[in-house]
Amino acid sequence: MAVTLTNGLVELTLLPGGGHLARWAFAGEQNTLWEAPWKTADPGSAEHAAIATEFADEEAGSYLASYTGHVLCLDGFGPASQADAAAGVSLHGEAPTATWAFTSEQENEANGSVELPVAGLRVERRFVIAAGESVLRVEEQVTNLRTAERDLHWVQHSTFGTPLFAAGNGRATASVHKGVTLPQDYDGRNLLARDTEFIWPYAPGADGERVDLRELFGRRGAGFVAATQQDAGRKHGFVALCQAEVGLAVGYVFRVEDFPWVTLWEENHARDAAPWLGRVEARGMEFGTTPLPLGKEAVDARGPLFGSPTSRRIGAHETLRAPWMMFVVEVPHGWREVEDVRVEADEIVLIHQGERVRVGVRGAAAFLGTA
1 MAVTLTNGLV
11 ELTLLPGGGH
21 LARWAFAGEQ
31 NTLWEAPWKT
41 ADPGSAEHAA
51 IATEFADEEA
61 GSYLASYTGH
71 VLCLDGFGPA
81 SQADAAAGVS
91 LHGEAPTATW
101 AFTSEQENEA
111 NGSVELPVAG
121 LRVERRFVIA
131 AGESVLRVEE
141 QVTNLRTAER
151 DLHWVQHSTF
161 GTPLFAAGNG
171 RATASVHKGV
181 TLPQDYDGRN
191 LLARDTEFIW
201 PYAPGADGER
211 VDLRELFGRR
221 GAGFVAATQQ
231 DAGRKHGFVA
241 LCQAEVGLAV
251 GYVFRVEDFP
261 WVTLWEENHA
271 RDAAPWLGRV
281 EARGMEFGTT
291 PLPLGKEAVD
301 ARGPLFGSPT
311 SRRIGAHETL
321 RAPWMMFVVE
331 VPHGWREVED
341 VRVEADEIVL
351 IHQGERVRVG
361 VRGAAAFLGT
371 A
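The numbering of the sequence shown is full-length UniProt numbering, which starts it at 1 and goes up by one.
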């Protein structure tokens, strides 16, 4: 059964099937997260298995049959290895298709946990929406249950799209500097040139044009994937989307040391096979340890990107902590984008052309461990 948290101002819905964050919004208002337009079900159920078999992409079927909103990719980002697939792991690791346990003693707080037997990991999350704040705090930690150290792929796969976000009504921004496009083909519908480096926000288009990656859904019938690296020297990273028509901004803040990469994905009526059926407008703003969703073997074979690691090492029986926050905020009408997000002692500060919107978050810097 879904778990809903609220403080009367904002609300969050969590799904035990896959641990997804399915809804994040002002109370009673439109969901800011993307919702799958196809039928989904809890992993492990007969209905989920039946839905998965209807999809053209069998390898991703189990993942897509429950996918919506914000998904934790662990321990994989991209297709499973042959050995993991044989053990039942689908796209993006075990976490998105595992059954999570959620407990909630108060209407604005919850704890979630799951064990991943193939990866040998335990994940624990604490969700808190403090009184009077439009911010979700997530205390997330991963424990290695085994006696050997290893590398982790750990990515927050957050997705936005229609009807709230559409072409021309806002922009997607992030605290990044440079990037590289996906080396593989995007189903023959490439918006961007393949395997090419660029400086944010402009990437090389497949037809030789320059593409502004801040713009949402600029070319119908095309899609892309690109990896971008956080700006050097930042303690706090962010991803944000601004909806100019309604005066709304939504996004995340996190520690750059935990999640040094932001992966951008856009599907704009490009994929015709089930379950997409040419009807999806979705923009992924995914922050994590790993730049491209190539799968562990391919990522390891490529090695460091821009001189930086593409995974995170966890020791034997070690627990790693990675706190992050999600916000939804009213901004002045006419804000096309959030140019920067700063974390102060008791505030998150959104910036646009010198104008600031201050969001009260008691102990914000201390929560992230950067006070």
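Where is the CB? At the ideal position from N, CA and C, for every residue including glycine.
Item: Candidates Ala206, Asn108, Leu116, Gly307: closest to alanine 27 by CA position; Value: Asn108
Item: Contact under 8 Å by Cβ, alanine 249 with valine 331; Value: yes
Item: Beta carbon of glutamate 286 nearer than 8 Å to that of valine 253; Value: no
Item: Residues bridged to glutamine 229 [DSSP beta-bridge criterion]; Value: Lys178, Trp261
Item: Distance between histidine 20 and glutamate 115 (C-alpha atoms, nearest Å); Value: 15 Å
Item: heavy atom of the ligand NAD below 7 Å from alanine 56 C-beta; Value: Looking for the ligand NAD in the displayed structure turns up nothing, as the structure carries no ligands at all.
Item: Per DSSP, cross-strand counterpart(s) of proline 204; Value: Arg210
Item: Own chain partners of valine 123 with C-beta closer than 6 Å, once the 5 adjacent residues on each side are dropped; Value: Val114, Val142
Item: Exposure label - lysine 235; buried when at least 16 CB within 10 Å; Value: exposed
Item: Limits of the alpha helix (DSSP H) - the one that threonine 13 falls within; Value: Not the alpha helix (DSSP H): threonine 13 falls in the beta strand (DSSP E), residues 10–14.
Item: Alpha-carbon to alpha-carbon, alanine 174 and alanine 227; Value: 12 Å
Item: Whole-angstrom distance between cysteine 73 and glutamate 94, CA atom to CA atom; Value: 8 Å
Item: Residue 380 classed as buried or exposed, judged by whether at least 16 other C-beta atoms fall within 10 angstroms; Value: Only positions 1 to 371 of the chain appear in this structure, which leaves residue 380 out of reach.
Item: Meets three-Cβ-pair contact criterion under 8 Å: the segment 236–248 and the segment 324–341; Value: yes
Item: Neighbourhood of residue 372 by C-beta distance below 6 Å, restricted to the same chain and skipping five residues each side; Value: Look at the range of the chain in this structure, 1 to 371, and you will see that residue 372 is not part of it.
Item: Arginine 362 versus glycine 8: straight-line alpha-carbon distance, rounded; Value: 17 Å
Item: N- and C-terminal bounds of the alpha helix (DSSP H) containing valine 89; Value: First-last for valine 89: undefined, no H or E at that position.
Item: Burial state of histidine 317 (16 or more Cβ within 10 Å); Value: exposed
Item: Cβ distance (whole Å) where histidine 153 is taken to contact aspartate 75 below 8 Å; Value: 6 Å
Item: Same chain, Cβ closer than 6 Å to alanine 282, neighbours up to 5 away in sequence not counted; Value: Trp34, Thr159, Gly161, Glu267
Item: Cβ separation of arginine 194 and leucine 182, assumed to be a contact under 8 Å, to the nearest whole Å; Value: 6 Å
Item: Expected contact under 8 Å - CB spacing of glutamate 58 and proline 323 to nearest Å; Value: That belief does not hold up - the Cβ atoms of glutamate 58 and proline 323 are roughly 36 Å apart, past 8 Å.
Item: Alpha helix (DSSP H) runs contained entirely in the segment 57–124, provided each spans 4 or more residues; Value: 58–64, 82–86
Item: Inter-residue Cα distance where the pair is glycine 14 and phenylalanine 102; Value: Note on residue identity: the sequence assigns leucine, not glycine, to residue 14. So the two alpha carbons sit approximately 8 Å from each other.
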